[in-house]
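In terms of full-length UniProt numbering, the sequence shown opens at residue 1 and continues consecutively. Built from N, CA and C at the ideal position, the CB exists for glycine as well. It should be emphasised that the depicted structure is a prediction, and the values quoted were computed from it without experimental measurement. First up is the structure itself, then whatever we jot down about it.
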Amino acid sequence: MPVVTRSRVSAARGDGAGALPWGSASAAPAPRHVASQSHHNHHGLKEKLRALTQDYEQQKQKQLLAASQGGGAAARQLRQSIRCLNAAQVANDENAEEEDEEDGGRVAKRRYDAFGLVPEAAVLRENVAPPQARAPSNDSHAVVLARQAKDNVVGRGANAMSCPTKKTVPALPVLPVPTARKLSLGGAVGGKLKAAGEVGAGTAETVESRILVFVRLRPMSRKEKEAGSRSCVKIVNRKEVSLTEFASENDYLRLKRVRDSQFCFDSVFPDSTTQAEVYSTSTADLVEGVLQGRNGTVFCYGATGAGKTYTMLGTMENPGVMVLAINDLFSKVTQRNYSIKLSYLEIYNETVRDLLSPGSPLNLREDKQQGTVAAGLTQRSVYSTDEVMELLQKGNKNRTTEPTRVNETSSRSHAVLQVVVEYRSLDGTNLKRVGKLSLIDLAGSERALATDQRTLRSIEGANINRSLLALSSCINALVEGKKHIPYRNSKLTQLLKDSLGGSCNTVMIANISPSHLSFGETQNTLHWADRAKEIKTKTQTTANEEVLDQPDSETAVLVLELQRENCVLREQLAKQQQKLLIAEAQLLASKTLPQQSPARSSHVSTPGSTQRKTRRSIVAGNYFNTTDSKRPTTDNAQVRELQRKVKTLESEMDKMKKEHILQLKQKDEFIRGLINRKAPNNCEEATVDRRVVTRASLRKAQRDASATGELKSPSHRFTSPAPTAKKRTFWDIGGNSPSVLAANGRKTRSHVATETPKKGSSKLLQPGFARQISSHRNI
Ligand SMILES: Nc1ncnc2c1ncn2[C@@H]1O[C@H](COP(=O)(O)OP(=O)(O)OP(=O)(O)O)[C@@H](O)[C@H]1O
């Protein structure tokens, strides 16, 4: 009973036998070793021993078959002899390898496995592949299948997995590719998945499926090109990645041992792939599912500088998955009975922090309905893409990033953006459906030497690696079907618990660099991505739905309508705010320009005296007044005009704010009145009441805050308070970023210093931005 192992698979492929259907062993009798011997023209003691071994193997199989039917004693004896034989073979293999190295290219190197019945004997060894490997027998039993599953057996549905296969002979036959899971989008999905060859052992609500794994190759960076990098990654068929290890020029022993490894994934994106393509292939289905009340997670995994943040966030010109997903979500939510809430957190040095309202670290706790949640995390209701962009920008300013030697703008924390979409039916059925989309940008896995040895960096690096190690332990435990999964080993795995082992449609995007200088990191990333493919998750076939006890759709609709109205009012306020800012900027410009004009300098006898005068004026606190007195009357009139404009706008805004508050108050009272008309134990009313109380208390808090001078009113959300510390803008990913200490003592990315918002970043506040993105996406 031969055990088909990786080495046999690769050997078989090398001989052009790759067309053998993996997993279904051939019934043809195994060719005798003589054929193999003539193929590999070896002579001497080593070959004789090998020939004897293979003869013995065949005898052993026959006897074993009889022994497994007849009794245990003979089998035990046989196993003992096999072990002895294997030990002898290992010694022989070592000699053979040495000999091979001596022979250099004369002997085609092949891998073969020490085959045996006991699992520990099924280890990979370097040598000639035994003929049986090319024609696996039909006697494959459970042990054989388990081994096969770990080898490069693809194309067999969800169970099919691939491990890197060491290839020594070029021109591998094209591997069959795994059937990508179609994400569940409706009630009939269970059937769909089964039809697609997925394992369908789930309950009525979930179907066992697996994580979808995509790989994205980034273009070679300028730095890598300058360092003389060669590309070690090749993409075949958009499904396979071939990784080539180049021997180092100084490594004379391994000079001729350049090897390829092959991996197979659901899809592999070459470096020319656009953000929109990545989004539509990997995440668009998840968004659809979320709208139908299912949970979805997308996470980017890879070495530092491999392109995770680029994939997740992107740039202003090329928005990433997070932005495109949200844009898509809003374009699909056309009905008024949807509400969308958003939260954004980071895990930095094993502490969970709220990126929308930075403060003290948050604790994670288990919630029966929602899974793992961060207690006290801010959840913002959002009504448009622009609003989300604003929050994302705000969150990213608070995210911890640092330049390392590998990446100028390295994310030093894992960032999790969660979007909760709630649907309420309006047809009287009182159905509530909730879908959650988690978009995760993991910090980069890294070697200590690859980044920095400075204390803070190394602590960060250790924590990043620790959490990623915990993630890999969980992946291992899940793949091996262990009962205990060590989620609690890190905050990251605690948060990912539902995505990895719960009812969730999960997508992993593994980012890799093409450079041969990052070979180790790329190999590591591909290894874990390959492993993650084997994780079985429970795909939801039914939505997170609940029918509320007593229908109260009238009130629910009213609340939603009011929320929408508030949104419109907020947008109007934002526009006014922008007008005000522009007017202020014009005012400033008109006051400073005349000073620089040559005509003005002619008034002044020497440049030094001008400086002195100006300085005196600033100290006196009447800079504008002093210069005004010396300006021509036309300038004064212009300034007065602008000042008047600003005042008018300000008073207009105040009026609008007051009206807005008054309207809200009236609406609240109206809703309260509606609620009071109902019975107090009405479940639905309780929900609404809770909402109203929350909003009212929020406004109260805002009023209190504005009384104490804090910016809390809705209108203030659109003001751009001058940053007090240097922080990084959301979009400014590519530049150099000297870091500064933020208020909480952490370093944050700092591309824009204390300057006012740039034109680029303020675009996010413009209502047309959503359209821009969608048009971009359409391209
Ligand atoms: N697909 C791509 N196309 C063009 N440029 C890319 C691509 N992927 C990454 N880059 C560039 O490579 C650099 C590093 O990318 P990024 O910051 O996304 O890496 P990262 O994996 O998030 O690193 P870290 O883990 O250190 O945060 C950036 O300058 C980014 O613009």
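State yes or no: is the C-beta of asparagine 363 within less than 9 Å of the C-beta of glycine 371? For this step, residue 363 is matched to residue 363 along the sequence shown. For this step, residue 371 is matched to residue 371 along the sequence shown. Contact flag unset, no.
Could you spell out where the beta strand (DSSP E) holding threonine 372 opens and where it closes? Taking the sequence shown and counting its residues from 1, one reaches residue 372 at position 372. Looking at the DSSP string, the run of the beta strand (DSSP E) that includes threonine 372 is 371 to 374.
For ligand 1, is there a heavy atom less than 8 Å away from the beta-carbon of residue 789? Given a span of 1 to 779 for the chain in the structure shown, any question on residue 789 remains unanswerable.
Ligand 1 and threonine 525: does any heavy atom of the ligand fall closer than 8 Å to the residue's C-beta? As a first step, residue 525 must be located in the sequence shown, where it is residue number 525. It does not: the Cβ of threonine 525 is nowhere closer than 8 Å to a heavy atom of ligand 1.
Taking C-alpha atoms, which residue in Pro486, Ala276 and Lys667 lies nearest to leucine 313? On the sequence shown, residue 313 is found 313 positions in, with the first residue counted as 1. Closest by alpha carbon: Ala276.
Exposed or buried, threonine 493, counting other C-beta atoms within 10 Å across all chains shown (16 or more means buried)? Within the sequence shown, the letter at position 493 stands for residue 493. Counting Cβ neighbours within 10 Å, threonine 493 comes out buried, since at least 16 surround it.
Straight-line gap, arginine 672 to glutamate 561 (C-alpha atoms, nearest Å): For the purposes of this step, residue 672 is taken as the residue at position 672 of the sequence shown. For the purposes of this step, residue 561 is taken as the residue at position 561 of the sequence shown. Their backbone Cα atoms lie some 15 Å apart in a straight line.
How would you call phenylalanine 269, buried or exposed, if buried means at least 16 neighbouring beta carbons within 10 angstroms? The count along the sequence shown starts at 1 and reaches residue 269 at position 269. Flag for phenylalanine 269 reads buried.
Are the segment 511 to 527 and the segment 217 to 232 touching, with three or more C-beta to C-beta distances below 8 Å? Inter-segment contact for the segment 511 to 527 and the segment 217 to 232 is present: three or more beta-carbon pairs are separated by less than 8 Å.
Distance between asparagine 636 and asparagine 398 (C-alpha atoms, nearest Å): Mapped onto the sequence shown, residue 398 falls at position 398. Mapped onto the sequence shown, residue 636 falls at position 636. If you draw a straight line from the Cα of asparagine 398 to the Cα of asparagine 636, it is about 42 Å long.
Three CB pairs or more closer than 8 Å across the segment 661 to 675 and the segment 558 to 572: yes
Compare the C-alpha of glutamine 638 against each of Asn676, Ser267, Ser590 and Leu558 and name the closest. Taking the sequence shown and counting its residues from 1, one reaches residue 638 at position 638. That would be Ser590, whose Cα lies nearest to the Cα of glutamine 638.
Taking the C-alpha atoms as reference points, what is the distance between arginine 294 and glutamine 379? As a first step, residue 294 must be located in the sequence shown, where it is residue number 294. As a first step, residue 379 must be located in the sequence shown, where it is residue number 379. So the alpha carbons of these two residues sit roughly 19 Å apart.
Is the beta carbon of glutamate 422 sitting closer than 9 Å to the one on lysine 341? Within the sequence shown, residue 422 is the residue found at index 422, counting from 1. Within the sequence shown, residue 341 is the residue found at index 341, counting from 1. Yes, the pair counts as a contact, with Cβ atoms nearer than the cut-off.
Near ligand 1: lysine 225 beta-carbon under 8 Å from a heavy atom: Counted from its first residue, the sequence shown places residue 225 at position 225. No, ligand 1 has no heavy atom inside 8 Å of this Cβ.
Rounded straight-line distance, which links the Cα of glutamine 578 to that of phenylalanine 718: The sequence position of residue 718 within the sequence shown is 718, counting from 1. The sequence position of residue 578 within the sequence shown is 578, counting from 1. Per-residue confidence for phenylalanine 718 stands at a pLDDT of 32, beneath the threshold of 50, marking its modelled position as unreliable; the derived number appears in the next sentence. The straight-line gap from Cα to Cα measures roughly 8 Å.
Which whole-angstrom value describes the C-beta separation of leucine 356 and glycine 395, a residue pair presumed to lie in contact below a C-beta threshold of 8 Å? Looking up residue 356 in the sequence shown gives position 356. Looking up residue 395 in the sequence shown gives position 395. Rounded, the Cβ-Cβ distance is 6 Å, consistent with contact.
Locate the beta strand (DSSP E) running through threonine 506, then write down its first and last residues. Here the question's residue 506 lines up with position 506 in the sequence shown. Its beta strand (DSSP E) spans residues 505 to 512.
Can the beta-carbon of tyrosine 301 be found less than 9 Å from the beta-carbon of isoleucine 509? Sequence index remark: in the sequence shown, residue 301 carries index 301 (1-based). Sequence index remark: in the sequence shown, residue 509 carries index 509 (1-based). Cβ distance < 9 Å, so tyrosine 301 and isoleucine 509 count as in contact.
Below 8 Å on the Cβ atoms is my contact criterion, and I expect valine 321 with threonine 311 to pass it. Report the Cβ-Cβ distance as a whole number of Å. Walking along the sequence shown from the start, residue 321 turns up at place 321. Walking along the sequence shown from the start, residue 311 turns up at place 311. About 6 Å; that satisfies the 8 Å criterion.
First through last residue of the beta strand (DSSP E) which encompasses histidine 527: Within the sequence shown, residue 527 is the residue found at index 527, counting from 1. Careful: histidine 527 lies outside any beta strand (DSSP E), inside the alpha helix (DSSP H) at 519 to 532.
Apart from the five residues on each side of it in sequence, which residues of its chain come closer than 7 Å, Cβ to Cβ, to tyrosine 487? Working through the sequence shown from its first residue, we reach residue 487 at position 487. Here the set comprises Cys474, Thr493, Gln494 and Lys497.
What is the DSSP secondary structure of proline 29, counted as helix, strand or coil? Position 29 of the sequence shown holds residue 29. Low local confidence applies: a pLDDT of 34 at proline 29 is under 50, so the model's placement there is unreliable, with the coordinate-based value given in what follows. In this structure, proline 29 counts as coil in the three-state DSSP scheme.
Any idea if glycine 228 is buried or exposed, counting beta-carbon neighbours within 10 angstroms, 16 or more meaning buried? As a working mapping, residue 228 is identified with position 228 in the sequence shown. Exposed, by the Cβ-count rule.
For serine 438, does the three-state DSSP call read helix, strand or coil? Translated into positions along the sequence shown, residue 438 becomes position 438. Residue state, collapsed to three classes: strand.
Alpha carbon to alpha carbon, what distance is there between aspartate 55 and arginine 32? For the purposes of this step, residue 32 is taken as the residue at position 32 of the sequence shown. For the purposes of this step, residue 55 is taken as the residue at position 55 of the sequence shown. Bear in mind that the predicted position of arginine 32 carries a pLDDT of just 35, short of 50, making it too unreliable to give a figure here.
In terms of alpha-carbon separation, which member of Lys491, Ser242 and Asn476 lies closest to arginine 466? Here residue 466 refers to the residue found at position 466 when the sequence shown is read from its first residue. Ranking Lys491, Ser242 and Asn476 by Cα distance to arginine 466 puts Lys491 first.
Please classify serine 272: is it buried, with 16 or more other beta-carbons within 10 angstroms of its beta-carbon, or exposed? Locating residue 272 in the sequence shown gives position 272, counting from the first residue. Exposed: under 16 other Cβ atoms inside 10 Å.
Does DSSP put glutamate 245 in a helix, a strand or coil? As a working mapping, residue 245 is identified with position 245 in the sequence shown. Looking at glutamate 245 - three-state DSSP - the assignment turns out to be strand.
The beta strand (DSSP E) enclosing serine 381, as first and last residue numbers: As a working note, residue 381 is residue 381 in the sequence shown. Looking at the DSSP string, the run of the beta strand (DSSP E) that includes serine 381 is 380 to 382.
Beta-carbon contacts of glutamine 576 that lie in its chain and below 6 Å, excluding the five residues immediately before and after: Taking the first residue of the sequence shown as position 1, residue 576 is located at position 576. Taken in chain order, the residues that qualify are Met653.
Roughly how many angstroms separate the alpha carbons of alanine 583 and valine 388, rounded to a whole number? Residue 583 sits at position 583 when you count from the first residue of the sequence shown. Residue 388 sits at position 388 when you count from the first residue of the sequence shown. Rounded to whole angstroms, alanine 583 to valine 388 spans 26 Å at the Cα level.
Quick one: what's glutamate 240 bridged to in DSSP? Counted from its first residue, the sequence shown places residue 240 at position 240. In the DSSP output, where bridge partners are listed per residue, glutamate 240 has Val236 and Cys264.
For serine 339, which residues of its own chain have a beta-carbon under 6 Å away from its beta-carbon, when the five flanking residues on both sides are left out? Within the sequence shown, numbered from 1, the residue matching residue 339 stands at position 339. For serine 339, where only same-chain residues beyond five positions count, the Cβ hits under 6 Å are Glu422.
Would the beta-carbon of serine 411 be found less than 8 Å away from any heavy atom of ligand 1? Along the sequence shown, read from residue 1 onward, the residue named residue 411 stands at position 411. Because some heavy atom of ligand 1 lies under 8 Å away, the Cβ of serine 411 counts as near it: yes.
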